[in-house]
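Here's the structure, in structure tokens; my notes come after.
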Amino acid sequence: KKMENSIDLQMADRLQELRDEKEQLELSLKETNALIESVEQDLVAAMLTAELDSFKRNGHTYSLKVDTYASAKADKKPELFEALRANNAGDLVQEQVNANSLRAFVKELKANNDDEIPEWIVDYINVYDKTKIAVRKSN
């Protein structure tokens, strides 16, 4: 065991403090976003009931706005891509690699190749190592 007193252990306390604070902030943000969504939907309903397109209050203008959202049906992606390409919208189609999956794959490649990235992929990816602190509960 190395000499723990050779470093300022208050840095570890500060790291834990900040991680705990981040966790609380993320929780708070999640709760606030849920409240915003709920109150916004209540206001939309009230405005529709009152047949009100917009109103002004406290220096803000509130108006109804309809946004359209679209996403590919999971089981129909190949057909969608084909239809888009056939209708001059092929530029919307993007092949993607999930970053976390690629990260895990590269980690595995390195583990099976003397910690080196194989030639066949090395020129096509950016890779860097980052040293972090792993923290877990201990007695």
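Okay, so the sequence shown: first residue is 1114 according to our numbering, each after it adds one.
Note that CB positions come from ideal geometry on N, CA and C, so glycine has one too.
For residue i, the three-state DSSP class (helix, strand or coil)
i	result
residue 1198	helix
residue 1174	strand
residue 1119	helix
residue 1223	helix
residue 1135	helix
residue 1151	helix
residue 1169	strand
Presumed contact (8 Å Cβ cut-off) between residue i and residue j, rounded CB distance
i	j	result
residue 1188	residue 1177	Not quite, the Cβ-Cβ distance comes to about 34 Å (not below 8 Å), so this is no contact.
residue 1223	residue 1230	6 Å
residue 1054	residue 1197	This structure cannot settle anything about residue 1054, because the visible part of the chain is limited to 1114 through 1252.
residue 1193	residue 1185	5 Å
Chain B within 8 Å of residue i, Cβ atoms only
i	result
residue 1208	Among the chains of the structure shown, chain B does not appear; only one protein chain is present.
Close Cβ partners of residue i (< 7 Å) along its chain, the five nearest in sequence each way excluded
i	result
residue 1246	1128
Same chain only: Cβ atoms within 6 Å of residue i, ignoring 5 sequence neighbours per side
i	result
residue 1152	none
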